[in-house]
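First residue of the sequence shown: 312, per my numbering; consecutive thereafter.
Quick reminder that beta carbons are idealized off the backbone N, C-alpha and C, glycines included.
One structure below.
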Amino acid sequence: MARSAILNVMVEAAMKAGRGLTRDFGEVENLQVSVKGPGDFVSAADRKAEETIAGYLRKARPEYSMLLEESGAIKGPDSQHRWIVDPLDGTNNFLHSNPMFAISIGLETQGVMAAGVIYNPVTDELFTAERGQGAYLHNRRLRVAGRRDLVQCLLCCGIPGLGRKHHEKFLTRQRYVMAEAGGIRATGSAALSLAYIAAGRFDGYWESRLSPWNIAAGSLIVREAGGFVSDFEDRDNMFKSGDIVAGNEQIHPQLLALVNRA
Ligand code: IPD
Ligand code: CA
């Protein structure tokens, strides 16, 4: 599989930041036993990873705009190209020494996702895609799972944490989906949930109130693996609405209908 020069830059950035996060993850394991916990340390690790990634991307394409989770929107001279970066997706997992987290780097060109990288440095799984070129786990081409009936499906959702205001709505949706689906899991990382959809490890995924950096790379990776992604209105408006449903051609509409029943 041949990667374009720009995808190589994204992969290098993710791997370099991943080495730092892996080191910090080891330290987080030690900090679990302290009374204060690793909170401040994790915030610093998150910011460090973002600086590493932004440094690589800026060096390669100084004119591109950026949307970085920690530093916000940075307008470059070229507003047609935008990096969308989550340096650590699955922060709460990381904080608890749970290795389900990832770096997510997306490149948007004229409002459309053009390339995406999701990297879990602990499992060393690298998911990549370029528009029209397919999705890959390292060098292996990915394809979404082929199941057609929800009853056979293993689905994935995002569970709103403490302080989020949509617990009731989530529970209502969950009840509808549980009544139809074979099983439901939650990874705690939107980026990894989407990568796993692309790899056929989950058949469908839904979550609400996400941010563009959580889903930018993943939405492209799913589509390039033959999957379908939309918001709850079946539109390509996930970055604005924050809502997402993903799955194969058969499961996506079924899950969409259940999510909207609530
Ligand atoms: C979070 C993760 C999680 C999702 C949260 C996100 P973060 O991102 O993607 O899966 O449920 O809504 O905020 O904070 O770990 O980058
Ligand atoms: Ca994050």
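Nearest-angstrom Cβ-Cβ length linking residue i and residue j, presumed shorter than 8 Å
i: V455; j: G538; result: 4 Å
i: L521; j: G553; result: 5 Å
i: E491; j: V462; result: 7 Å
i: L318; j: A426; result: 5 Å
i: N404; j: G474; result: That pair is no contact at about 17 Å.
i: P349; j: L437; result: The pair is not a contact, with the Cβ atoms about 26 Å apart (cut-off 8 Å).
i: S376; j: H392; result: 7 Å
First and last residue of the uninterrupted beta strand (DSSP E) at residue i
i: N431; result: 423-431
i: I416; result: 413-420
i: L437; result: 436-441
i: S315; result: From DSSP, S315 is part of no beta strand (DSSP E); its letter is neither H nor E.
i: F543; result: Element bounds for F543: n/a, residue is neither H nor E.
i: R496; result: 494-496
i: A557; result: 555-558
Residue i - containing alpha helix (DSSP H), residue span
i: R459; result: First-last for R459: undefined, no H or E at that position.
i: S552; result: 549-552
i: P410; result: Taken as a continuous stretch (DSSP letters only), P410 belongs to no alpha helix (DSSP H), as it is neither H nor E.
i: A568; result: 562-572
Minimum Cβ-Cβ distance from residue i to chain C less than 8 Å
i: Y516; result: Annotation note: the requested chain C is absent from the structure, which comprises a single protein chain.
Residue ranges of each alpha helix (DSSP H) run of no fewer than 4 residues wholly in the stretch 338-396, ordered along the chain?
350-371
TODO: Indicate whether the contact test is met: 3 or more Cβ pairs, each with one atom in the stretch 314-333 and one in the stretch 424-434, closer than 8 Å.
DONE: yes
Discussion item. Tell me whether the stretch 442-455 and the stretch 480-494 touch, counting them as touching only if at least three CB pairs, one residue from each stretch, are closer than 8 Å.
Written reply: No, they do not touch.
Within the chosen definition, does the stretch 402-422 reach the stretch 516-530 through at least 3 CB pairs nearer than 8 Å? yes
Exercise for review: Specify whether the stretch 382-398 and the stretch 510-517 touch according to this definition: at least 3 beta carbon pairs, one from each stretch, less than 8 Å apart.
Suggested key: Flag = no, the stretch 382-398 and the stretch 510-517 do not touch.
### Message
Considering only heavy atoms of ligand 2 and the C-beta of each residue, which residues fall inside 6 Å, strictly closer?
### Response
E380, D397, L399, D400, T402
inquiry  = Please give me, in chain order, every unbroken run of the alpha helix (DSSP H) with length at least 4 that falls completely inside the stretch 443-530.
reply    = 478-489, 501-509
Quiz item: Are the stretch 406-417 and the stretch 494-509 in contact at 8 Å, needing three or more beta carbon pairs?
Solution: yes
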